[in-house]
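Peer 1:
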Amino acid sequence: MDLPVKARRWGHDRDPGRTLARKYLLSGIARCGLCHTKIRGQVNQKWKPGSKAAKFTYQCSVTNGGCGKVGRVGDPVDEFIISLVLAEQRERAAVSAVAPAEQWPRAAELAAVEADLAELTQAAKAQKITVSTLLMLLPDLERRRDELKLERGRFNKERQQAESLTADIGEDFRSLPIERQQALILHSLSAVLIHPAGRGRRKFDPSLIEPVWR
Numbered sequence: 028m029d030l031p032v033k034a035r036r037w038g039h040d041r042d043p044g045r046t047l048a049r050k051y052l053l054s055g056i057a058r059c060g061l062c063h064t065k066i067r068g069q070v071n072q073k074w075k076p077g078s079k080a081a082k083f084t085y086q087c088s089v090t091n092g093g094c095g096k097v098g099r100v101g102d103p104v105d106e107f108i109i110s111l112v113l114a115e116q117r118e119r120a121a122v123s124a125v126a127p128a129e130q131w132p133r134a135a136e137l138a139a140v141e142a143d144l145a146e147l148t149q150a151a152k153a154q155k156i157t158v159s160t161l162l163m164l165l166p167d168l169e170r171r172r173d174e175l176k177l178e179r180g181r182f183n184k185e186r187q188q189a190e191s192l193t194a195d196i197g198e199d200f201r202s203l204p205i206e207r208q209q210a211l212i213l214h215s216l217s218a219v220l221i222h223p224a225g226r227g228r229r230k231f232d233p234s235l236i237e238p239v240w241r
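What the sequence shown shows, in the working numbering, is residues 28 to 241, in sequence order.
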């Protein structure tokens, strides 16, 4: 069964039990250059295959708290931002390729704590220290070990995410799921400001599309 027209227009699945899915690349990333409200894509209901009309637009919406004064044909904006982001990420990947793999900087500290724990446990087994002494010394070392392991896990996760994003750059960007495309965009940009272009039909002006780099 088709979604209601309003839901299709915003590119959202309105099922309350599911995460809202975005249909357009810069929905929620683009912002109005005047009021800075988030902009979402809107389908052109009059568009048909073979038509020269815009398939969709990014439009500041009064309904969503915006000024309603800024809008732009969607495809040229998407293509411009994709080209900028891919160029930036390829440059970053080229630098990373010649740099040695970054290692977690506190590995030696964790190894020392684990060695201290093992030494204490062995000392207690050999009756060089009492069990009460062992139990008094263990908590601080265990806490430090657990904190360091948690930090190492976060470090490795962030590195894996960066490597995964870099791998996706080598693929055809447009063949990736929209969620993955947006993740690549957000890895480089925190927002895209769309500034007003004046009235009437105008040629796409990239100077009015402002990427906000991270």
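Every residue gets a Cβ at the ideal spot worked out from N, C-alpha and C, and that includes glycine.
Can you tell me which residues form a DSSP beta bridge with K230?
Peer 2: Counting from one through the sequence shown, the residue named residue 230 turns up at place 203. None; K230 has no bridge partner.
Peer 1: Quick one: Cα of T46 to Cα of W131, how far?
Peer 2: For the purposes of this step, residue 46 is identified with residue 19 of the sequence shown, where counting begins at 1. For the purposes of this step, residue 131 is identified with residue 104 of the sequence shown, where counting begins at 1. With a pLDDT of 39 at T46, under the threshold of 50, the modelled position of this residue cannot be trusted; read the value that follows with caution. Each residue's Cα considered, the two are about 34 Å apart.
Peer 1: Are the CB atoms of D143 and L168 within a distance shorter than 7 Å?
Peer 2: The residue labelled residue 168 in the question sits at position 141 within the sequence shown. The residue labelled residue 143 in the question sits at position 116 within the sequence shown. Yes; because the gap between Cβ atoms is below 7 Å, this pair is in contact.
Peer 1: Evaluate G93 with the Cβ neighbour count: other Cβ atoms within 10 Å of its Cβ, from every protein chain shown; 16 or more gives buried, anything less gives exposed.
Peer 2: Locating residue 93 in the sequence shown gives position 66, counting from the first residue. Label assigned to G93: buried.
Peer 1: Work out the CA separation of K176 and R148 for me, nearest whole Å.
Peer 2: Against the sequence shown, residue 148 aligns to sequence position 121. Against the sequence shown, residue 176 aligns to sequence position 149. Residue identity differs from the one stated: residue 148 is Thr in this sequence, not Arg. In a straight line, the C-alpha of T148 is about 20 Å away from that of K176.
Peer 1: Can you tell me where the beta strand (DSSP E) holding E216 begins and where it ends?
Peer 2: For this step, residue 216 is matched to residue 189 along the sequence shown. For the record, residue 216 in the displayed sequence is Leu; it is not Glu. Note, L216: beta strand (DSSP E), L216 to I221.
Peer 1: How long is the line joining the alpha carbons of R181 and N71, rounded to whole angstroms?
Peer 2: Your numbering for residue 181 matches position 154 in the sequence shown. Your numbering for residue 71 matches position 44 in the sequence shown. Distance between the alpha carbons of R181 and N71 is about 43 Å.
Peer 1: Taking contact to mean 3 or more Cβ pairs, one atom from each stretch, closer than 8 Å, check whether the segment 207–223 and the segment 102–116 are in contact.
Peer 2: In short, these stretches touch, since the Cβ pair count reaches three.
Peer 1: For a test of the three-state rule: what should DSSP assign to P132, helix, strand or coil?
Peer 2: Here residue 132 is taken as the residue at index 105 of the sequence shown, counted from 1. Coil, per DSSP.
Peer 1: Work out the CA separation of K96 and L235 for me, nearest whole Å.
Peer 2: Residue numbering aside, residue 235 sits at position 208 when the sequence shown is read from its first letter. Residue numbering aside, residue 96 sits at position 69 when the sequence shown is read from its first letter. When rounded, the distance between both Cα atoms is 14 Å.
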